[in-house]
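Numbering (mature numbering (1 follows the signal peptide of the UniProt record, and there is no 0)), first residue to last: -31 to -1, 1 to 773.
Shown next, in structure tokens, is the structure this report addresses.
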Ligand code: BG6
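What follows is the structure, encoded as structure tokens:
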């Protein structure tokens, strides 16, 4: 039976109930001994998450805290009408279980108490919130208690957050002296902008310290053990936890279930928003962050996390492979009533290559992978160490605990999989780890079980003494105000800053279809090199017929034609980039042979990234030692800012090739600690540098792009400067942020021996068509003013831009 919701009107019944509970509560605590009354309000109490985990978590909290001084009431709320809601909750409460070590009699007793302390009520209008608040106050007063605080657990879709938050803030805050905690479930936005919006909105109702943003992976026992493990094994790990010793890190969450029944959610978030942006990113931070001296200080942990976020190298389209299980499209059509012609581009699988540009991790690949409809359910973090040994003895004489020729790895096994539960594994040839013996025990041997290529006996393996569900742990942390297990706003926004550009660049990417389960075979295996990741196998043709049996890229030769009276090279992106990189190398070799040096001016933005990577990886004959690199344009941000074009060049090219530093010429946008101030004469200084070093100010090759508005370099339509005249370098204004720019002028571009314009992607289709038809009108379309005086112009367009 559920308790009545309105205490004041049923004071008699409540007195009896209090007496019953009081008796049950270990010797009937006197009201004055109580530390205060806690109300837990579970919003969305009849929903999936609540039924599966949250009620059990609240019961667990009650089991742990009953008799320790606080009194409790649990208010399950939803929009469901009272009768139906009560029925659902009654069933859920009936199914609650105690930990294995609780005696059955004791369990039944505590469960009965918990049931009596729980109620269901419909909570919809602001008046309902006010009534709830009044009922809590009346109850507290009637029982002679002090109110300690209120926990509101939002297990509702995010669109409902703002209204609920407003109602709580206006009508349901506890009185002075009592605390308020609101618990929020992901998703927190679907990109940086929406997350920021949500944060601002919620910030107008609650203080940051009142908000507990849940990432339930932080409640998983093994995930929660990563920092303590690093801390307790500092001595062994200090020398190992770095780029000199770590070969790579894998952060994996594989699922066998698919998204059926959740496609409306999934269509909005995909696997990246659902799992990678939160669960896997949090784990990445725990592994990668510098270890604070005091890991129990949430401020220190947050500070170090944010530092690690700042060191993440920006993700590009080439940093990811994405897939979609074959049945997904049909499920979406059915569940969202879409026509048969509807195609979803939502990834249900993603493999991402992350790099961290700091001294500790530079060059170490971090692989993040998650997917639905895969062959097994398992989650783990695997840190594989470099094999730098040669073993002189034959393999049969290797002793697992001593041989340096066997793999050396640390695995935080989050759960499921072959092992069937959480564990921490350390190769015996690494070191014997220390884990808190009260809560971790050695795993018993399981003959025949092999993990990551080695028998279980090759590892020191520990599992929790008592396995606990993540939500129970987090609910207990909320009660004990342990904020380190929750996502701070800055953390959340930093994560979205990292993921949003990738999501944008994947918006039009067609994911690879996969059949699902064991049949996936090697279809989703992927490989990485430099910053680039790609599937190892070509797609299955019968699965991926292409848009109406369109020919595959390999069926095409690079197409030669004319565009605006200049040569046009058109191809699929990969071939186009390969061709352009080859042409640049040829130009470089020619120039160095003739003049001893090669002056190359490069644009920023996303299109050239693949080119930079291609040049960095595949062109070992490139005369880098004699190449001068110049910038075509720059944003007025510090050079270390991720938005700086120089940063892109640095990350994707300079890091990987040996250009003498005195041959690198970033644009001086940041002088005297100011950005592009006219009086600092940065543009003039760059012009002088060009005049001094580049013969006749004539670059050997200038690489340009074309914007959807017809801009090129940072010369935008209607620009008052840079389209003609004497100036080589100008300060301009962009219509989009960051607005201030520095750019080469059209006259200096047109003095180049060669100009290459790279145009890629469907979004460029319209402008490409338009510009093909117009004359020389640089004021309207600056790109149309590109006509080298005596050099050669070549257009490089991919089929998407050229053919649409
Ligand atoms: C949730 C995702 O956050 O995590 C689900 O929304 C996913 O798509 C789930 O299935 C996995 O959690 P667990 O605890 O089952 O590994």
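Glycine included, each C-beta is placed from N, C-alpha and C at the ideal position.
May I ask which residues mark the beginning and end of the beta strand (DSSP E) holding residue i?
{"i": "residue 410", "result": "409 to 411"}
{"i": "residue 297", "result": "Here residue 297 belongs to no beta strand (DSSP E); instead the alpha helix (DSSP H) covers 297 to 304."}
{"i": "residue 294", "result": "289 to 294"}
{"i": "residue 11", "result": "5 to 12"}
{"i": "residue 175", "result": "Looking at the DSSP string, residue 175 is not in any beta strand (DSSP E), and its letter there is neither H nor E."}
{"i": "residue 606", "result": "From DSSP, residue 606 is part of no beta strand (DSSP E); its letter is neither H nor E."}
{"i": "residue 100", "result": "Not the beta strand (DSSP E): residue 100 falls in the alpha helix (DSSP H), residues 95 to 111."}
{"i": "residue 39", "result": "39 to 47"}
{"i": "residue 551", "result": "That residue, residue 551, is in no beta strand (DSSP E); its alpha helix (DSSP H) goes 542 to 564."}
{"i": "residue 674", "result": "670 to 674"}
Do you know how far the Cα of residue j is from the Cα of residue i?
{"i": "residue 573", "j": "residue 603", "result": "7 Å"}
{"i": "residue 279", "j": "residue 258", "result": "11 Å"}
{"i": "residue 667", "j": "residue 717", "result": "7 Å"}
{"i": "residue 453", "j": "residue 194", "result": "13 Å"}
{"i": "residue 434", "j": "residue 410", "result": "6 Å"}
{"i": "residue 346", "j": "residue 495", "result": "19 Å"}
{"i": "residue 44", "j": "residue 227", "result": "33 Å"}
{"i": "residue 131", "j": "residue 182", "result": "15 Å"}
{"i": "residue 221", "j": "residue 338", "result": "5 Å"}
{"i": "residue 670", "j": "residue 256", "result": "43 Å"}
{"i": "residue 20", "j": "residue 14", "result": "7 Å"}
{"i": "residue 512", "j": "residue 491", "result": "The pLDDT assigned to residue 512 is 33, lower than 50, so where the model puts this residue is not dependable, and the model offers no usable value."}
{"i": "residue 420", "j": "residue 413", "result": "14 Å"}
{"i": "residue 216", "j": "residue 159", "result": "33 Å"}
{"i": "residue 206", "j": "residue 370", "result": "17 Å"}
{"i": "residue 430", "j": "residue 219", "result": "19 Å"}
{"i": "residue 436", "j": "residue 448", "result": "20 Å"}
{"i": "residue 102", "j": "residue 93", "result": "14 Å"}
{"i": "residue 424", "j": "residue 416", "result": "8 Å"}
{"i": "residue 69", "j": "residue 383", "result": "21 Å"}
{"i": "residue 270", "j": "residue 456", "result": "11 Å"}
{"i": "residue 178", "j": "residue 624", "result": "41 Å"}
{"i": "residue 760", "j": "residue 729", "result": "23 Å"}
{"i": "residue 123", "j": "residue 152", "result": "6 Å"}
{"i": "residue 515", "j": "residue 481", "result": "No answer about residue 515 holds up, because its pLDDT of 36 lies below 50 and its placement is not dependable."}
{"i": "residue 543", "j": "residue 726", "result": "16 Å"}
{"i": "residue 503", "j": "residue 613", "result": "26 Å"}
{"i": "residue 790", "j": "residue 595", "result": "As shown, the chain starts at -31 and ends at 773. That puts residue 790 outside it, with no answer to give."}
Which term fits residue i, buried or exposed, when burial requires 16 or more other beta carbons within 10 angstroms of its beta carbon?
{"i": "residue 377", "result": "buried"}
{"i": "residue 477", "result": "exposed"}
{"i": "residue 84", "result": "buried"}
{"i": "residue 764", "result": "buried"}
{"i": "residue 237", "result": "exposed"}
{"i": "residue 751", "result": "buried"}
{"i": "residue 758", "result": "exposed"}
{"i": "residue 328", "result": "exposed"}
{"i": "residue 771", "result": "buried"}
{"i": "residue 463", "result": "buried"}
{"i": "residue 368", "result": "exposed"}
{"i": "residue 706", "result": "exposed"}
{"i": "residue 615", "result": "buried"}
{"i": "residue 294", "result": "buried"}
{"i": "residue 129", "result": "exposed"}
{"i": "residue 597", "result": "buried"}
{"i": "residue 1", "result": "With a pLDDT of 38 at residue 1, under the threshold of 50, the modelled position of this residue cannot be trusted; read the value that follows with caution. Exposed: under 16 other Cβ atoms inside 10 Å."}
{"i": "residue 312", "result": "exposed"}
Where do the N-terminal and C-terminal ends of the alpha helix (DSSP H) with residue i fall, by residue?
{"i": "residue 233", "result": "232 to 240"}
{"i": "residue 26", "result": "24 to 34"}
{"i": "residue 446", "result": "439 to 448"}
{"i": "residue 689", "result": "Premise fails: residue 689 is in no alpha helix (DSSP H) and is neither H nor E."}
{"i": "residue 54", "result": "51 to 63"}
{"i": "residue 617", "result": "614 to 618"}
{"i": "residue 341", "result": "Unbroken run through residue 341: none, as it is neither H nor E."}
Between residue i and residue j, which are expected to be in contact by the criterion C-beta below 8 Å, what is the C-beta distance as a whole number of angstroms?
{"i": "residue 350", "j": "residue 381", "result": "4 Å"}
{"i": "residue 499", "j": "residue 554", "result": "In fact, because the Cβ distance is near 17 Å, the residues do not count as touching under 8 Å."}
{"i": "residue 116", "j": "residue 6", "result": "5 Å"}
{"i": "residue 694", "j": "residue 701", "result": "Not really, about 13 Å apart at Cβ, beyond 8 Å."}
{"i": "residue 91", "j": "residue 46", "result": "7 Å"}
{"i": "residue 334", "j": "residue 497", "result": "6 Å"}
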